[in-house]
């Protein structure tokens, strides 16, 4: 198997020692023997993806990666900076995972939602029609509600706000209206918020 440039990190998960291999990299920023911590940048992706292989090094100390030694990442994948962002404004948060249940609140494209569920499960559901994701209600501490997965996208807390042009903090400063034409134009732009989703 040819992984190209890669970084292999040995760590502990619970009591188990595991090796995590990150491949399809460029601009590697770490060296052999260096201690790294969660959040450290180890390299950049060479393309649209990074290949991740998780192994138990005690069973396979050699990097040939036979399939029987490779762990499924489902148990190990955690993304502490993962958030969910609505793809439409006024997305309804529901008490149950269906469109008939009580509305618990609304969220917009600039809101970032957290989920109590395992990251792998959440990433598998994001964007899928007819699926629902449990999220923490941003308006009631500890309250768990449901959001329509097909109106959500996965983002990171590391993503810049400037990437979302509809975020209130990235809009131009308010300006005084110079004519009635400006007032009509601004109202037309605001009407783009549309009706509530789901």
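Residue numbers (the numbering used here): 52 to 249. Backbone N, C-alpha and C fix where the C-beta goes; we use that ideal spot for every residue, glycine too. All figures in this text were calculated on a predicted structure; none of them were measured in a lab.
#### Entry: With 16 other Cβ atoms within 10 Å as the buried cut-off, status of residue 100
exposed
### Task
Look at residue 147 and residue 73 and say whether their C-beta atoms are less than 8 Å apart.
no
### Message
Could you check whether residue 134 and residue 88 sit closer than 8 Å to each other, using their CB atoms as the reference points?
### Response
no
### Which of helix, strand or coil DSSP assigns to residue 142
strand
### Task
Please determine, among 203, 90, 136, 86, the residue with the shortest C-alpha to C-alpha distance to residue 181.
203
### Query
Which whole-angstrom value is the C-beta distance of residue 184 and residue 167, which I expect to be below 8 Å?
Not quite, the Cβ-Cβ distance comes to about 10 Å (not below 8 Å), so this is no contact.
### Message
Please identify the residue among 144, 70, 85, 173 whose C-alpha is closest to the C-alpha of residue 157.
### Response
144
### Message
I'd like to know whether the C-beta atoms of residue 160 and residue 138 end up nearer to each other than 8 Å.
### Response
yes
### Task
Could you work out which residue in 153, 187, 102, 95 is closest to residue 54 when comparing CA atoms only?
102
### Query
Going by beta carbon distance, what residues of the same chain come within less than 8 Å of residue 189, once the five residues before and after it are set aside?
156, 158, 162, 164
### Continuous beta strand (DSSP E) stretch holding residue 133: start and end
133-137
### Message
Here's a check: name, in chain order, each residue in its chain whose Cβ is nearer than 7 Å to the Cβ of residue 179, leaving out the five neighbours to either side.
### Response
Residues 200, 201 of the same chain have their beta carbon placed closer than 7 Å to that of residue 179, with the five preceding and five following residues left out of the count.
### Query
Which value, in whole angstroms, describes the spacing of the CA atoms of residue 177 and residue 150?
Each residue's CA atom was taken as its position, placing residue 177 and residue 150 some 17 Å apart.
### Burial state of residue 105 (16 or more Cβ within 10 Å)
buried
### Query
Buried or exposed: where does residue 83 fall if 16 or more other Cβ atoms within 10 Å of its Cβ makes it buried?
exposed
### Task
Identify every residue that forms a DSSP beta bridge with residue 156.
Answer is 144, bridged to residue 156.
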